[in-house]
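Report on the structure given below.
Residue numbers (our numbering): 6 to 155.
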């Protein structure tokens with residue numbers, strides 16, 4: 006499984022765990038040489054091992070498990086579900102409105118979440134595109150890296 010952040014985002018190496026990664030704009034992580042027009046936000050990716058035929062959790066199941074409300078499904082991309090919801094925030098100053106995506110990547114179910122400040126571009130449709138990009142690129146890279154027969 007390889008995680009590929011959207012353009013302008015980098016993985017915070019301090020956050021990296023076996024099944025978790027936190028990403029933010031590269032300049033916010035102390036890489037000032039990386040100039041980006043990406044919206045400011047915090048992206049997380051959590052992985053759960055799952056059998057290939059196991060269904061993805063629905064947005065409603067995710068909402069029930071995590072205390073989300075005001076779900077609005079934003080459609081599917083290549084077998085992934087992306088939606089916006091209201092819920093708890095990871096830090097003060099973040100909007101309770103945030104994007105979530107669920108997808109199968111490299112033998113895992115990936116849960117992607119994008120948080121941003123109120124009125125930020127990260128919680129607009131631009132945020133949906135970042136979640137979709139993370140899923141699409143990580144899937145592509147993971148499929149290329151998988152050994153034959155896996």
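Don't be surprised by glycine CBs; every beta carbon is placed ideally from N, CA and C. A quick note: this is a predicted structure, and the numbers were derived from the prediction, not measured.
Given residue i as reference, the closest of the options once Cα atoms are compared
i	options	result
residue 73	105, 44, 30 and 145	105
residue 94	109, 110, 62 and 46	46
residue 41	53, 15, 58 and 54	15
residue 112	53, 130 and 13	53
residue 58	19, 100, 82 and 114	114
residue 64	127, 51, 90 and 82	90
residue 88	27, 124, 137 and 32	137
residue 92	108, 110 and 71	71
residue 103	127, 82, 110 and 109	127
residue 66	147, 107 and 129	107
residue 123	12, 148 and 97	97
residue 130	43, 13 and 6	43
residue 99	125, 82 and 78	125
residue 83	13, 12, 142 and 21	142
residue 36	144, 149 and 13	13
Residues sharing a beta bridge with residue i, DSSP
i	result
residue 16	28
residue 91	74 and 102
residue 117	50 and 106
residue 140	DSSP lists no partner for residue 140.
residue 22	25
Endpoints, the beta strand (DSSP E) within which residue i is located
i	result
residue 54	47 to 54
Pair within 8 angstroms by beta-carbon distance, residue i and residue j
i	j	result
residue 76	residue 85	no
residue 109	residue 61	yes
residue 10	residue 139	yes
residue 163	residue 51	Since the first residue shown for the chain is 6 and the last is 155, residue 163 is missing from the structure and cannot be characterised.
residue 6	residue 147	yes
residue 33	residue 8	no
key: Touching by the beta-carbon criterion (3+ pairs, under 8 angstroms), the segment 44 to 60 and the segment 115 to 122   = yes
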